[in-house]
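Novice: Take the sequence shown: its letters are residues 96 to 366, numbered as in the working numbering. Virtual Cβ for every residue (Gly too), placed ideally from N, Cα, C. All values derive from a computational prediction rather than experimental measurement.
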Amino acid sequence: MEGGLRIGCAKRVIAKKKKPYRRVKKAVPKVPKALEDLFLSCRETFKGPGTVPSPQDVHKLSCILDTLKPEDLGLSKDLPFFNPENPIKDNPRVTYTTIYQCDNFSLCIFFLPAKGVIPLHNHPEMTVFSKLLLGKMHIKSYDWVDPEITRCLSQPQSQLRLAKLKADNVFTAPCDTSVLYPKTGGNIHEFTAITPCAVLDVIGPPYSKEDGRDCSYYKDHLFTTFSDGKGAEVKEESDRYGWLEEIEMPENSRMDGIKYLGPPITADREL
96 MEGGLRIGCA KRVIAKKKKP YRRVKKAVPK VPKALEDLFL SCRETFKGPG TVPSPQDVHK
156 LSCILDTLKP EDLGLSKDLP FFNPENPIKD NPRVTYTTIY QCDNFSLCIF FLPAKGVIPL
216 HNHPEMTVFS KLLLGKMHIK SYDWVDPEIT RCLSQPQSQL RLAKLKADNV FTAPCDTSVL
276 YPKTGGNIHE FTAITPCAVL DVIGPPYSKE DGRDCSYYKD HLFTTFSDGK GAEVKEESDR
336 YGWLEEIEMP ENSRMDGIKY LGPPITADRE L
């Protein structure tokens with residue numbers, strides 16, 4: 096009897112110690128320090144529509160982007176997309192993915208296959224940091240010339256507007272970050288991929304048709320094509336100027352969006 100009681104008590108004690116299954120928490124992917132610094136710097140740099148980052152903030156953000164590596168965004172040159180032996184399509188489409196976007200700024204990666212093009216377009220009231228992560232790319236960019244000069248050099252009612260060439264060069268990753276401002280730095284630019292490329296764009300504020308920041312596209316013409324002999328100073332450097340004609344959205348400007356699969360960023364996440 097005593098043994099039976101002891102066994103019974105032991106069973107009751109064991110039953111009390113029995114615990115339910117614990118829910119295993121899903122591991123949160125670690126954010127690389129460079130990406131963490133980039134996100135925090137963007138929150139400090141971009142103050143919203145109608146503002147331009149201070150020189151100090153531009154320098155800080157540029158330095159962070161200069162140290163950013165493809166691996167920090169989950170990319171590698173070993174991925175099949177960046178294999179130069181992949182067949183080239185006749186009409187290669189550009190793909191993009193959005194890392195993060197809010198009212199003040201956006202972080203996007205654009206993937207251009209070889210021969211892929213992002214046509215000449217503008218960034219109204221925006222400051223843009225572009226970082227070539229992988230590949231080799233030709234970049235052409237313009238800034239508008241004073242409207243008064245345009246009127247002096249063009250015919251009345253002309254739809255052409257004079258712009259000064261800021262860049263017409265080939266860039267190979269890794270290279271320094273380029274910065275364009277609402278009115279300077281090459282606000283109107285075009286990307287042409289020589290090899291498969293990945294480009295990170297940090298834009299503040301983002302495009303918004305409702306807020307008057309819609310994207311416009313252009314076709315550029317040689318300055319001499321429409322020059323009538325006026326403007327001697329401009330004519331002397333005619334290779335540094337061009338006439339831009341606003342056009343409808345080109346067919347090759349259409350892109351395919353894909354889900355971002357790199358380290359995640361959310362506004363409420365404690366980085």
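1) What residue range does the beta strand (DSSP E) around isoleucine 283 cover?
2) Count the other CB atoms within 10 Å of the CB of glycine 98; is the residue buried (16 or more) or exposed (fewer)?
3) Suppose the cutoff is 6 Å on Cβ atoms and the five residues either side in sequence are ignored; what does the same chain contact list for proline 291 look like?
4) Can you look up proline 175 in the DSSP assignment and give me helix, strand or coil?
5) Where does phenylalanine 205 sit, in a helix, a strand or coil, going by DSSP?
6) Report buried or exposed for serine 137, applying the criterion of at least 16 other Cβ atoms within 10 angstroms of its Cβ.
7) Roughly how many angstroms lie between the CA atoms of lysine 314 and glutamate 340, to the nearest whole one?
8) Anyone know if the C-beta pair for glycine 82 and proline 242 falls short of 9 Å?
9) Would you kindly work out how many angstroms separate the C-alpha atoms of arginine 349 and valine 189, rounded to a whole number?
10) Over what stretch of residues does the beta strand (DSSP E) that includes arginine 256 continue unbroken?
11) Closer than 7 Å by C-beta to isoleucine 353: which residues in its own chain qualify, once you throw out the five before and the five after it? Chain order, please.
12) With H, G and I counted as helix, E and B as strand and the rest as coil, what does DSSP make of threonine 146?
13) Does the beta-carbon distance from glycine 281 to methionine 221 come in below 9 Å?
14) Residue range of the alpha helix (DSSP H) that phenylalanine 134 falls in?
15) Could you check whether asparagine 264 and histidine 233 sit closer than 9 Å to each other, using their CB atoms as the reference points?
16) Take histidine 316 and list the residues in its own chain whose beta-carbon comes closer than 8 Å to its own, dropping the five residues that flank it on each side.
17) In the DSSP assignment, what residue or residues form a beta bridge with isoleucine 298?
18) Please report how far the alpha carbon of arginine 335 lies from the alpha carbon of proline 214, in whole angstroms.
19) Determine the burial state of tyrosine 130: buried for a count of at least 16 other Cβ atoms within 10 Å of its Cβ, exposed for fewer.
20) Excluding sequence positions up to five away, which residues of its chain have a Cβ less than 7 Å from the Cβ of cysteine 104?
21) Would you report the Cα separation of phenylalanine 205 and aspartate 271, rounded to the nearest angstrom?
Specialist: So, from the listed chains and residues:
1) 283–288
2) Because the pLDDT at glycine 98 is just 43, under 50, the model does not fix this residue reliably, and the point stays unresolved.
3) Phe176, Phe177, Pro208, Ala209 and Gly230
4) helix
5) strand
6) According to the sequence as given, residue 137 is cysteine; it is not serine. Counting Cβ neighbours within 10 Å, cysteine 137 comes out buried, since at least 16 surround it.
7) 5 Å
8) Nothing about residue 82 can be reported from this structure: the residues present for the chain run from 96 to 366 only.
9) 7 Å
10) 255–267
11) Thr190 and Thr192
12) coil
13) no
14) 128–140
15) yes
16) Leu255, Gly337, Trp338, Leu339 and Glu340
17) Ser201 and Val223
18) 19 Å
19) Here the sequence assigns leucine to residue 130, which means tyrosine is not the residue at that position. Label assigned to leucine 130: buried.
20) A caution first: cysteine 104 carries a pLDDT of 41, below 50, which makes its placement in the model unreliable, though a value can still be read off. If we look at cysteine 104 and ignore the five residues flanking it on each side, it has no Cβ neighbours.
21) 17 Å
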